[in-house]
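Everything on this sheet refers to the single structure shown next.
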Amino acid sequence: MKILLVSDIAQFALTDVYYGYLHAFQKLGVDVVGFPLHHFVNHHKENMCLSMVHSQALIKANQYTHVFFIGGLSIPPEYLESFPGIKVGVISTEDPHSFDPLRDRLSFMDYYFTNERSVVYSENNPKIHYCPTAADHTVCGSVPKNRLDPKYICDILFLGAIYPNRRKLLEGIIPWVKGNNLHLKILGHPQYVPKESPIWDFVSPENYDPRTGAIMTIPHEETVKYYNGAKVSLNFFRDVTWSPSREDQKNDLNKNNLVAESMNPRAYEVPLCGGFLMMEDTRKEAREFFKEDQVSFFTNVSSLRKQLNKYLLGKNADQLREDMSRKAFMRVTTHGTYMVRAKEILRIIS
Amino acid sequence: MQEKNNFWSERHQKVSATNWLDIDKDRIKTLQLFWKGKVRVSLCKEDCSPEKWWFSHTGSLQTSGDSRVVIVSRNIGYIREGRRYIYRVMEESGALMFDEQEEN
Chain A
453 MKILLVSDIA QFALTDVYYG YLHAFQKLGV DVVGFPLHHF VNHHKENMCL
503 SMVHSQALIK ANQYTHVFFI GGLSIPPEYL ESFPGIKVGV ISTEDPHSFD
553 PLRDRLSFMD YYFTNERSVV YSENNPKIHY CPTAADHTVC GSVPKNRLDP
603 KYICDILFLG AIYPNRRKLL EGIIPWVKGN NLHLKILGHP QYVPKESPIW
653 DFVSPENYDP RTGAIMTIPH EETVKYYNGA KVSLNFFRDV TWSPSREDQK
703 NDLNKNNLVA ESMNPRAYEV PLCGGFLMME DTRKEAREFF KEDQVSFFTN
753 VSSLRKQLNK YLLGKNADQL REDMSRKAFM RVTTHGTYMV RAKEILRIIS
Chain B
7 MQEKNNFWSE RHQKVSATNW LDIDKDRIKT LQLFWKGKVR VSLCKEDCSP
57 EKWWFSHTGS LQTSGDSRVV IVSRNIGYIR EGRRYIYRVM EESGALMFDE
107 QEEN
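Printed below as a string of structure tokens:
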């Protein structure tokens with residue numbers, strides 16, 4: 453078996469998934485070669501990059517048996533079936549939000565590893581296998597706060613794209629944060645936030661330059677330091693009915709209205725960095741994976757404020773967070789790393 | 007049972023760097039790693055289902071002075087289904103890393 457693992461042209465979280473799987477396959481001793489498509493698209497046209505992947509995969513001397521694409525949304529359907537003698541798979545990252553275009557491609561591939569378990573239940577297709585997101589143990593780890601540069605330290609951290617549902621929750625805690633003189637740090641992609649939002653006061657200069665409006669992506673290695681430096685890391689899930697690419701902002705890539713049940717990579721990464729995770733209670737799987745003595749759950753702004761109060765200002769708050777973080781760390785090391793996922797993929801394709 | 011250094015072993019009738027040889031690994035129910043008096047890692051038999059417990063130090067030999075070994079990291083873990091699961095705490099910084107390797 454020899455795998456050609458191809459990253460997505462989009463960067464950000466998808467790149468982290470690509471490296472997570474690449475590191476895991478390598479550590480498992482699998483003959484794997486990575487193709488960082490996201491680097492090549494900076495210098496060549498997209499179809500040229502896909503031709504390079506195609507050529508590399510089909511050179512007989514390379515002896516590839518499998519080609520796996522991370523994400524898969526940018527791969528044309530007919531391209532997926534142009535690898536004679538090689539099994540082709542997609543490891544999706546955006547289900548159920550953008551499942552429809554990938555559903556249309558299913559007949560062109562041999563395996564579809566979805567990050568969303570409701571896709572498996574709804575489709576009943578033997579090509580589809582559930583492969584949740586995870587954290588990369590070769591990148592994530594726990595560093596004591598006194599070893600970190602002050603720029604990584606804060607009381608409350610939100611790191612991610614600020615979609616409208618996330619914006620509402622963040623705006624909802626800002627008066628409480630100010631009233632208690634706490635340090636809230638917001639990093640990620642603020643381009644969807646209206647100019648008048650109070651969120652802008654908390655967006656860090658590390659990823660947004662107010663003079664030029666430039667947004668700088670935070671590399672994964674840096675996010676590890678921020679998760680380590682925060683007392684509490686917030687995790688809001690994506691609203692799968694929302695899309696920035698349409699005028700009415702309604703997502704039209706999930707016409708069957710598949711419900712999101714599974715978690716995002718952040719849910720695994722924060723605990724694997726030894727961080728304390730406060731997570732929105734909207735995904736069924738979150739409650740099944742984590743116990744209440746491992747992470748804190750909230751349902752709305754009011755319960756978020758209540759939880760923040762308990763875990764930042766309450767009695768023995770530091771000890772409580774430390775105990776819960778340690779348990780969550782253990783949980784993720786045994787069940788939530790890319791090593792666990794890669795082993796499952798190998799079991800399926802062997 | 008706690009780790010002891012420069013330990014006189016009655017069983018082996020010699021001084022060892024640690025008392026590890028005197029620990030009956032089959033009786034371990036929970037394996038914990040402390041750093042500066044605080045638990046950094048706690049492994050329970052029920053959660054990990056270990057076939058075998060495992061612990062080690064990584065160190066470097068100090069070449070000047072009394073050539074003693076300076077500990078770089080303390081590691082605990084377990085072996086299961088041909089894989090070694092390692093929890094490593096760096097002695098100086100307290101950084102905690104998890105690793106998984108093939109057991110040779």
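Order-wise, the sequence lines are chains A and B. Residue 453 is where the first sequence starts when you use my numbering, and the numbers rise one by one after that. Residue 7 is where the second sequence starts when you use my numbering, and the numbers rise one by one after that. All C-beta atoms, glycine included, are put in the ideal place defined by N, C-alpha and C. On a predicted model such as this, the values are computed, not experimentally measured, just so you know.
Beta-carbon separation of residue i and residue j under 7 Å?
i: G640(A); j: G681(A); result: no
i: L636(A); j: F654(A); result: yes
i: I651(A); j: L686(A); result: no
i: V493(A); j: V458(A); result: no
i: M103(B); j: R90(B); result: no
i: V519(A); j: V485(A); result: no
i: R599(A); j: S99(B); result: yes
i: S714(A); j: E737(A); result: yes
i: Q746(A); j: R773(A); result: no
i: F535(A); j: A513(A); result: no
i: A587(A); j: T789(A); result: yes
i: V15(B); j: D30(B); result: One point to set straight first is that residue 15(B) is Ser, not Val, in the sequence displayed. It is not a contact, given that the beta carbons lie outside the stated cut-off.
i: T590(A); j: N567(A); result: no
i: V692(A); j: N706(A); result: yes
i: G523(A); j: D562(A); result: no
i: F13(B); j: N25(B); result: yes
i: F394(A); j: L525(A); result: Given that chain A is displayed from residue 453 to residue 802, the structure contains no residue 394(A) and the question cannot be resolved.
i: L710(A); j: S802(A); result: no
i: T734(A); j: F689(A); result: yes
i: T660(A); j: I667(A); result: Looking at the sequence provided, one finds Tyr at residue 660(A) rather than Thr. Against a cut-off of 7 Å, the Cβ pair of I667(A) and Y660(A) comes out as a contact.
i: R793(A); j: C592(A); result: no
Taking residue i as the reference, give the member of the options with the closest Cα.
i: Y678(A); options: K767(A), D607(A), I667(A); result: D607(A)
i: L609(A); options: N708(A), I626(A), P596(A), V595(A); result: I626(A)
i: H672(A); options: E721(A), V540(A), P528(A); result: E721(A)
i: S55(B); options: Y84(B), T64(B), K44(B); result: Y84(B)
i: R780(A); options: N632(A), L480(A), S754(A), S748(A); result: Checking the displayed sequence, the identity of residue 780(A) turns out to be Ala instead of Arg. With distances taken between Cα atoms, A780(A) lies closest to S748(A).
i: L466(A); options: I543(A), P646(A), E498(A), P528(A); result: I543(A)
i: K743(A); options: S570(A), P696(A), P723(A); result: P723(A)
i: V645(A); options: G631(A), R773(A), G624(A), R618(A); result: R618(A)
i: G65(B); options: E57(B), W59(B), R74(B); result: R74(B)
i: N708(A); options: S570(A), K479(A), N761(A); result: S570(A)
i: Y516(A); options: P596(A), N632(A), K454(A); result: K454(A)
i: V572(A); options: G524(A), A712(A), P596(A); result: A712(A)
i: S503(A); options: D483(A), L480(A), I527(A); result: I527(A)
i: S76(B); options: M96(B), N110(B), E57(B); result: Note that residue 76(B) corresponds to Val in the displayed sequence, not to Ser. It is M96(B) whose Cα lies nearest to the Cα of V76(B).
i: W628(A); options: P717(A), Q759(A), Y471(A), P553(A); result: Q759(A)
i: K795(A); options: E87(B), W59(B), L39(B), Q38(B); result: E87(B)
i: V78(B); options: H63(B), R46(B), C50(B); result: H63(B)
i: E58(B); options: W41(B), L37(B), G71(B), E9(B); result: Rather than Glu, the amino acid found at residue 58(B) in this sequence is Lys. Looking at the Cα atoms, L37(B) is the closest of the given residues.
i: R799(A); options: H581(A), S755(A), V676(A), P596(A); result: H581(A)
i: K35(B); options: E108(B), L49(B), K20(B), N110(B); result: L49(B)
i: K597(A); options: K767(A), G727(A), K630(A), R735(A); result: G727(A)
i: K647(A); options: C583(A), I614(A), G766(A); result: I614(A)
i: E108(B); options: M500(A), L764(A), G631(A), G481(A); result: G481(A)
i: L756(A); options: G624(A), S656(A), N632(A), E699(A); result: G624(A)
So if DSSP puts residue i in a beta bridge, which residue, or which two residues, is it bridged to?
i: V458(A); result: F487(A), F521(A)
i: Y763(A); result: None, per the DSSP bridge assignment.
i: L39(B); result: V47(B)
i: Q107(B); result: R90(B)
i: W60(B); result: G83(B)
i: V542(A); result: F521(A), Y564(A)
i: G65(B); result: I77(B)
i: K779(A); result: In DSSP, K779(A) forms no bridge with anything.
i: L686(A); result: F610(A), M730(A)
i: L772(A); result: DSSP lists no partner for L772(A).
i: I667(A); result: Y660(A)
i: M96(B); result: S79(B)
i: K702(A); result: W694(A)
i: F13(B); result: S22(B)
i: H581(A); result: F565(A)
Could you tell me which chain D residues have their CB closer than 8 Å to the CB of residue i, listed as they occur along the chain?
i: S62(B); result: The structure shown contains no chain D; its protein chains are A and B.
With a threshold of 6 Å (Cβ to nearest heavy atom), would residue i be considered close to the ligand SAH?
i: I614(A); result: In the structure shown, the ligand SAH is absent, as is every other ligand, since no ligand is present at all.
Residue ranges of each beta strand (DSSP E) within the region 712 to 756 of chain A, 3 or longer
729 to 732, 748 to 750
Looking at chain A, which residues of the region 76 to 107 of chain B have a Cβ within less than 8 Å of any of its Cβ atoms?
Y91, Y93, S99, G100, A101, L102, M103, F104, D105, E106, Q107
Taking Cβ-Cβ distances below 7 Å as the criterion, which residues of the region 679 to 706 of chain A are in contact with chain B?
none
Report the residue ranges of all beta strand (DSSP E) runs contained in full by the region 597 to 655 of chain A; include only those spanning at least 3 residues, in chain order.
606 to 613, 636 to 641
Taking a cut of 7 Å between CB atoms, which residues from the region 481 to 494 of chain A lie near chain B?
G481
Closer than 8 Å, Cβ to Cβ, to anything on chain B: give me those residues from the region 466 to 478 of chain A, in chain order.
none
May I ask you to list, following chain order, the residues of the region 776 to 789 of chain A that have a beta carbon less than 9 Å from some beta carbon of chain B?
R778, K779, F781, M782, R783, V784, T785, T786, T789
Against chain B: residues of the region 594 to 621 of chain A by CB proximity under 8 Å
S594, V595, P596, R599
Note down, in chain order, all residues in the region 716 to 741 of chain A with a beta-carbon under 9 Å from any beta-carbon belonging to chain B.
L724, G726
Could you list the residues in the region 17 to 36 of chain B with a C-beta less than 8 Å from some C-beta on chain A, going in chain order?
none
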